[in-house]
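Single-structure report; data block below.
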Amino acid sequence: MPFAYYDRLPASRRRIYDRSDAIVELPLPPGPDTGSVIAAIAAGLEADRETAVQRACQQLLDDLTMRFKVPSLRVKVYATRPSGDWGELHGMYLPEDEGNRAVVEVWMRTAQKQKVVAPRTFLRTVLHELCHHLDYELYKLPETFHTEGFYKRESHLLVQLAGPPPPKKGQSAAGESPLSRTSTGTRGAKAQSSS
Ligand SMILES: [Zn+2]
């Protein structure tokens, strides 16, 4: 079942939504082992070192964009998440614009408690933004929507790279929330953003 905002979309955009929703898997093309670079992201978070995290994220996304045969991305890692009465921003995707590479921005610390984000949550945000990029560059969708299919692809990629979610006390694996708050720039001249 589509998300509630589907009802407000015109038919042309619903067709894009439906295409996105129908793709529920994202098999990772073969390539070098990503274990060490994912460990480097976790170590950088642990040590609270932005530059180390950014370097490792860039390496991971360079590897993944190469495997998916899509244009490369630039990663920017920042300290504390921007926040407002709407909540806090985990990540952001800015599509390729007039020849400038697409950019992924991601934040290391929560706005509220200034706590470093858990490595798996952080990795999920990075992959979430990559999934927006793949919507444009791999599936050639004119727009990138948050659909159930989108979140399934994000989770599928996360599990392939980081393994199944660790079971938590009193919470099933399905309780891991894929609905992280992120923002996406819209491709083209009109700067419009939606979370
Ligand atoms: Zn998003």
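Quick note on numbering: my numbering labels position 125 of the sequence shown as 146, and the sequence is numbered without any gaps. Beta carbons: idealized from backbone N, C-alpha and C, even for Gly. These figures come from a predicted structure and were not determined experimentally.
Comparing alpha carbon positions, the residue from K189, K190 and G184 closest to T55 is G184. Shown here for R88: same chain residues with a beta carbon closer than 6 Å to its own, the five before and five after excluded, namely P50 and G52 in chain order.
In summary, Y26 is exposed, with fewer than 16 beta-carbon neighbours lying within 10 Å of its beta-carbon over all protein chains present. Counted as a single uninterrupted DSSP element, the stretch harbouring M22 is not any alpha helix (DSSP H), since DSSP gives it neither H nor E. Residue state for S93 is assigned as coil, using DSSP reduced to three classes. For the pair T101 and R76, the CB atoms are not nearer than the 7 Å cut-off. Residues H154, L155, E158 and L159 of the same chain have their beta carbon placed closer than 7 Å to that of V91, with the five preceding and five following residues left out of the count.
Between the region 131-141 and the region 54-69, the count of Cβ pairs shorter than 8 Å is three or higher; the stretches touch.
Per DSSP, L159 has no beta-bridge partner at all. Proximity to E46 across P31, P188, V74 and E169 peaks at E169, based on C-alpha coordinates. Taking 6 Å as the cut-off, one finds at least one heavy atom of ligand 1 near enough to the beta carbon of T205. Per DSSP, the beta-bridge partners of E126 are K97 and M113. When beta bridges are read from the DSSP output, V137 appears opposite R130. With fewer than 16 other Cβ atoms from the protein chains shown falling within 10 Å of its own Cβ, E119 counts as exposed.
Counting only residues of its own chain and dropping the five nearest sequence neighbours on each side, R36 has no CB closer than 6 Å to any other CB. In this structure, the straight-line span from the alpha carbon of V74 to that of V58 is close to 10 Å. Residue pairing by DSSP puts S104 in a beta bridge opposite E109.
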